[in-house]
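Chemist: Numbers in this note's numbering are just positions in the sequence shown, counted from 1, shifted up by 534.
Built from N, CA and C at the ideal position, the CB exists for glycine as well.
After the structure tokens below, expect a handful of questions from me.
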Amino acid sequence: STMKPITVAMALEAGRIKPQTTIETGPGRYSIGGFTISDTHNYGTLTVEGVIQKSSNVGALKIAQKMTPHEMWDTYTALGYGQKPQLTFPGAVTGRLRPWKTWKPVEQATMAYGYGLSASLFQMAHSYTSFAHDGRVIPATMLKSAEPAVGVRVFSAENAHAVRKMLQMAAGPGGTGQLAQTIGYSVGGKSGTAHKQVGKGYASNKYRSWFTGMAPIEKPRVIVAVMIDEPSAGQYFGGTVAAPVFSEVVQQTLRMMNVPPDLAVKPLVVTKGVDESF
535 STMKPITVAM
545 ALEAGRIKPQ
555 TTIETGPGRY
565 SIGGFTISDT
575 HNYGTLTVEG
585 VIQKSSNVGA
595 LKIAQKMTPH
605 EMWDTYTALG
615 YGQKPQLTFP
625 GAVTGRLRPW
635 KTWKPVEQAT
645 MAYGYGLSAS
655 LFQMAHSYTS
665 FAHDGRVIPA
675 TMLKSAEPAV
685 GVRVFSAENA
695 HAVRKMLQMA
705 AGPGGTGQLA
715 QTIGYSVGGK
725 SGTAHKQVGK
735 GYASNKYRSW
745 FTGMAPIEKP
755 RVIVAVMIDE
765 PSAGQYFGGT
775 VAAPVFSEVV
785 QQTLRMMNVP
795 PDLAVKPLVV
805 TKGVDESF
């Protein structure tokens with residue numbers, strides 16, 4: 535589900551949707567190619583912003599269907615998916631992005647929310663620089679430079695800002711990532727939960743839980759990506775187990791960087807996460 539903001543950004547950039555475009559997600563499931571894709575709830579009609587906030591699989595796949603596989607593949611590639619990272623960093627692997635000509639309709643649909651391609655945690659964090667840096671993907675390096683990085687433009691600044699607003703909604707009241715909220719700092723991000731791949735299929739009772747986001751949301755200084763492999767304490771949704779880790783890391787990191795708090799009050803105290811579709 536951490537891929538859903540990228541799907542939305544693609545469609546915004548292609549001019550197929552706007553943030554307030556409505557998507558019918560009822561009755562909470564959608565059949566394609568002999569497979570049924572479901573949401574945890576029947577959300578009915580959602581805006582594009584709502585698709586991200588509620589993490590609707592049905593909404594994401596319907597947005598993906600507004601584009602061609604070639605358009606999606608080009609954007610994934612520009613963001614670094616399926617590409618060998620230039621940074622020699624542990625876990626920075628190529629991943630897998632199959633040629634677009636081989637995609638079946640169901641594969642294009644599931645890629646909208648992250649199934650059908652493989653990516654490292656590093657690639658996920660790196661692709662989110664496009665939202666943090668006004669549409670540009672910033673080169674990754676271990677060296678500090680006095681010159682600001684320029685990067686490669688993938689999305690317009692307007693569309694990057696729109697997605698950033700959606701990420702803030704997803705981490706706010708009513709979103710699946712409420713537990714990512716951080717005392718003193720505004721945040722935005724997207725939770726994700728995936729069945730773990732075993733062989734050529736997916737295990738029904740093993741999960742990977744994700745949260746990728748940034749802070750402060752108006753002028754991001756850090757991007758943090760968290761992945762919990764096979765959470766074992768009962769809960770497994772990314773918004774429940776990975777988002778709190780994101781919150782702690784962001785708060786301590788921004789304090790160490792002497793970034794002034796941009797929230798005057800404590801965020802909403804949330805005691806229970808919101809179920810998400812995966």
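1. For R816 and S664, what's the separation of their Cα atoms in angstroms?
2. For I672, name the three-state secondary structure that DSSP assigns.
3. To the nearest angstrom, how far is it from the Cα of G593 to the Cα of F623?
4. Skipping 5 residues on each side, what residues in its chain have a beta carbon closer than 6 Å to that of Q702?
5. Closest to M537 by C-alpha separation, out of V783, P754, S589, would be which residue?
6. By Cβ distance below 7 Å, which residues in the same chain neighbour L788 in space, the five residues on each side in sequence not counted?
7. Could you please give me the residues that DSSP links to A594 through a beta bridge?
8. By Cβ distance, which residues of its chain are closer than 6 Å to R563, with the 5 residues on each side in sequence left out?
9. Mapping DSSP to helix, strand and coil, what is Y610?
10. Could I get the ranges of all uninterrupted beta strand (DSSP E) runs contained in the stretch 665-749, with 3 residues as the minimum, in chain order?
11. Of the choices D608, F656, Q587, whose alpha-carbon is the least far from that of A548?
12. Under 8 Å, do T559 and L546 count as touching if we go by C-beta distance?
13. Whose C-alpha, out of I762, A728, S661, T611, is nearest the C-alpha of I672?
14. Can you grab the Cα-Cα spacing for the pair Q657 / N576, in whole Å?
15. Provide the residue span of the alpha helix (DSSP H) that contains L651, from first to last.
16. Mind checking which residues open and close the alpha helix (DSSP H) that includes M645?
17. Quick one: give me the first and last residue of the alpha helix (DSSP H) that M544 is part of.
18. Quick check on the burial criterion: 16 or more other C-beta atoms within 10 angstroms. Buried or exposed for Q731?
19. Does the structure place the stretch 764-773 close enough to the stretch 728-744 that three or more beta carbon pairs sit under 8 Å?
Modeler: Checking against the coordinates, here is how it stands:
1. Look at the range of the chain in this structure, 535 to 812, and you will see that residue 816 is not part of it.
2. Counting from one through the sequence shown, the residue named residue 672 turns up at place 138. I672 falls in the coil class under three-state DSSP.
3. On the sequence shown, position 59 is the one that residue 593 refers to. On the sequence shown, position 89 is the one that residue 623 refers to. Those two C-alpha atoms are separated by around 35 Å.
4. On the sequence shown, position 168 is the one that residue 702 refers to. G722, I751, listed in sequence order.
5. Position 3 of the sequence shown, counted from the start, is the residue given in the question as residue 537. Comparing Cα positions, the closest option is S589.
6. Numbered from its first residue, the sequence shown carries residue 788 at position 254. Result list for L788: Y719, A749, R755, V756, in chain order.
7. Within the sequence shown, numbered from 1, the residue matching residue 594 stands at position 60. In DSSP, A594 forms no bridge with anything.
8. Numbered from 1 along the sequence shown, position 29 holds the residue referred to as residue 563. Counting only Cβ-Cβ distances below 6 Å, and skipping sequence neighbours, we find T570, S572.
9. Residue numbering aside, residue 610 sits at position 76 when the sequence shown is read from its first letter. Y610 falls in the helix class under three-state DSSP.
10. 722-732, 735-749
11. The residue given as residue 548 occupies position 14 in the sequence shown. With respect to the C-alpha of A548, the residue from D608, F656, Q587 having the closest C-alpha is D608.
12. For the purposes of this step, residue 559 is taken as residue 25 along the sequence shown, with counting starting at 1. For the purposes of this step, residue 546 is taken as residue 12 along the sequence shown, with counting starting at 1. Not a contact, by the Cβ cut-off of 8 Å.
13. Stepping through the sequence shown from its first residue, residue 672 is reached at position 138. Comparing Cα-Cα distances from I672 to each of I762, A728, S661, T611, the minimum goes to S661.
14. Here residue 657 corresponds to residue number 123 of the sequence shown, with the count starting at 1. Here residue 576 corresponds to residue number 42 of the sequence shown, with the count starting at 1. Looking at the two C-alpha atoms, the distance is approximately 32 Å.
15. On the sequence shown, residue 651 is found 117 positions in, with the first residue counted as 1. Counting along the chain, no alpha helix (DSSP H) covers L651, and no H or E run does either.
16. Sequence index remark: in the sequence shown, residue 645 carries index 111 (1-based). From DSSP, the alpha helix (DSSP H) with M645 extends over 639-645.
17. As a first step, residue 544 must be located in the sequence shown, where it is residue number 10. Its alpha helix (DSSP H) spans residues 538-547.
18. In the sequence shown, residue 731 corresponds to position 197, counting from 1. Burial call: exposed.
19. yes
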